[in-house]
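Take any residue in the sequence shown, count from 1 to its spot, add 38: that is its number in the working numbering. Beta carbons: idealized from backbone N, C-alpha and C, even for Gly. None of these values were measured; they are calculated from a predicted model. For reference, the structure discussed in these notes is given below.
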Amino acid sequence: MNNSAFRALSYGVYVLSTWDNGRPTGCTVNSVMQITSSPATIAVSVNKNNYTHKCIERSKRFAVSVLHEQSAPDIIGTFGFSSGRDTNKFDKVDYSVKGMMPIVDNAAAYIVCEVEKTLETDTHTVFLGKVTDADVLENKPPMTYAYYHNVVKGKTAKNAPTYIEEKQEKGKWVCSVCGYVYDGETPFEDLPEDFRCPVCKQPKSAFVKK
């Protein structure tokens with residue numbers, strides 16, 4: 039079976055957020071879809087190993103911030119390649135509370151939901167949420183998963199439902215945290231020491247040569 043065929047499906051890039059005993063937390067996800075329009079219902083797939091998964095189970099609520107093509111790449115890095123167990127991710131981004139839920143300001147839109155049902159798989163839970171609030175924040179094209187990979191040059195977190203392990207070309211410098219491959223014109227060795235990964239903001243020392 040060629041799992042790459044799944045990439046022909048359409049995906050977006052979202053920040054899924056909720057409360058952790060009064061503290062905002064969240065993670066990046068790419069599998070969100072509208073199930074019904076009346077009543078409005080949203081489904082989101084979340085890896086059971088994600089700390090956000092446990093927090094949604096407790097709070098029974100979640101919000102989806104729909105990132106757009108100009109959303110800062112480090113938002114994806116912050117929410118996609120670190121854990122809310124030991125990181126206050128919202129300390130690193132501008133956010134607001136809408137519909138009593140934390141949402142990322144630098145986004146195209148947000149949707150707030152109450153969990154109504156769940157569908158369990160071996161590795162992921164699909165949360166079905168009744169929409170209680172939603173609005174457009176910025177009139178910009180939503181970021182697609184293809185745009186994230188082809189333009190932003192980002193990689194997929196291992197907990198994502200669409201994760202496929204990729205072989206890197208030999209001789210390339212790769213971020214050991216998020217998998218970003220440096221392909222700039224300046225040789226990697228000549229980059230300044232304060233260079234950081236454009237996706238997850240890790241220092242130059244986090245890159246390894248494949």
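Exposure label - residue i; buried when at least 16 CB within 10 Å
i: Ala147; result: buried
i: Met139; result: buried
i: Val188; result: The question names Val, yet the displayed sequence has Asn at residue 188. Looking at its Cβ environment, which holds fewer than 16 other Cβ atoms inside 10 Å, Asn188 is exposed.
i: Met71; result: exposed
i: Asn88; result: buried
i: Asp124; result: exposed
i: Asp58; result: buried
i: Arg96; result: exposed
Spatial distance of residue i from residue j (CA atoms)
i: Thr79; j: Leu157; result: 14 Å
i: Thr224; j: Val169; result: 47 Å
i: Lys127; j: Gly222; result: 28 Å
i: Ala145; j: Glu154; result: 25 Å
i: Ser243; j: Lys130; result: 21 Å
i: Ala172; j: Ala101; result: 9 Å
i: Tyr185; j: Lys178; result: 14 Å
i: Thr56; j: Leu105; result: 16 Å
i: Val67; j: Val53; result: 6 Å
i: Phe44; j: Phe117; result: 23 Å
i: Thr159; j: Phe226; result: 42 Å
6 Å Cβ shell around residue i - same chain, five flanking residues per side excluded
i: Val215; result: Phe119, Cys238, Gln240, Ala244
i: Val164; result: Ala81, Ser83, Leu157
Residue i vs residue j beta-carbon contact at 8 Å
i: His162; j: Asn85; result: yes
i: Gly64; j: Thr182; result: no
i: Gly122; j: Thr90; result: yes
Close-in-space but distant-in-sequence residues of the same chain around residue i (CB under 8 Å, 5 per side omitted)
i: Gly209; result: Lys247, Lys248
i: Pro77; result: Lys168, Val169
i: Lys136; result: Ala101, Tyr148, Val150, Asp171, Asp173
i: Ser134; result: Pro140, Ile141, Asp143
i: Glu152; result: Lys98, Arg99, Gly167, Lys168, Thr170
Mind pulling the beta strand (DSSP E) runs of 3 or more residues that sit fully within the region 123-171?
133-136, 139-142, 147-158
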